[in-house]
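In the working numbering, the protein residues as written are 260 to 442.
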């Protein structure tokens with residue numbers, strides 16, 4: 260669940276939740292419902308944290324981190340089809356800008372209860388489908404995961420995530436302290 264919170268907040272952990280879910284389901288298939296529930300709950304909790312910050316900063320805060328042209332585009336899309344954008348962001352794999360969509364919806368004051376409901380339902384569906392794939396390919400996944408090559412890959416992946424998270428957090432902090440860009 261903690262990985263889900265981190266993955267859906269300001270940090271950079273692409274596929275982190277997915278990889279852990281696949282490993283756990285491949286190892287213990289009957290635990291699928293619990294793993295999906297934990298992953299979806301963690302992801303939703305991360306979104307709540309992101310929502311609290313983004314909602315407080317509002318449109319002015321969004322203007323600090325987005326180029327004016329991109330801000331205008333995001334605002335127009337959120338006003339037209341916010342629910343669909345949130346749904347797609349929750350179902351799509353990286354590099355889809357999940358954090359940006361959630362932050363924009365929150366900053367533009369999209370109703371919190373709807374946001375949380377959509378996120379939890381869509382993430383549950385996404386993790387369930389990933390879990391089904393893990394059930395089918397489980398033995399092969401475990402064989403690959405136990406190889407030394409995969410271990411080295413995970414070490415490299417962890418380093419990339421740490422570097423990406425550092426850049427992401429410093430970017431958000433630096434941009435939130437500067438004045439909004441001119442429109």
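For every residue, glycine included, the Cβ atom is placed at its ideal position computed from N, Cα and C.
{"query": "Other residues of its chain near residue 378: CB distance less than 6 Å, five sequence neighbours each side excluded", "result": "303, 306, 349"}
{"query": "Residue 355 (DSSP reduced to helix, strand or coil)", "result": "coil"}
{"query": "Same chain, Cβ closer than 8 Å to residue 396, five either side skipped, listed in chain order", "result": "285"}
{"query": "Sub-8 Å separation of residue 359 and residue 334 beta-carbons", "result": "no"}
{"query": "Test item: CB-CB of residue 345 and residue 374 under 8 Å", "result": "yes"}
{"query": "Cα-Cα separation, residue 320 to residue 296", "result": "32 Å"}
{"query": "CA nearest to the CA of residue 370, picked from 357, 352, 276, 338", "result": "338"}
{"query": "Cα-Cα separation between residue 282 and residue 330, rounded to whole angstroms", "result": "38 Å"}
{"query": "Residue 390 vs residue 291 beta-carbon contact at 8 Å", "result": "yes"}
{"query": "Rounded separation between residue 332 and residue 384 - CA only", "result": "28 Å"}
{"query": "Distance CB(residue 341)-CB(residue 364) smaller than 8 Å", "result": "yes"}
{"query": "Residue 427, DSSP secondary structure in three states", "result": "helix"}
{"query": "Environment of residue 412 [buried if 16+ CB atoms lie within 10 Å]", "result": "exposed"}
{"query": "Residue burial classification, residue 301 (beta-carbon count within 10 angstroms, cutoff 16)", "result": "buried"}
{"query": "Contact set for residue 386: own chain, Cβ-Cβ below 7 Å, skip 5 residues either direction", "result": "280, 295, 298, 299"}
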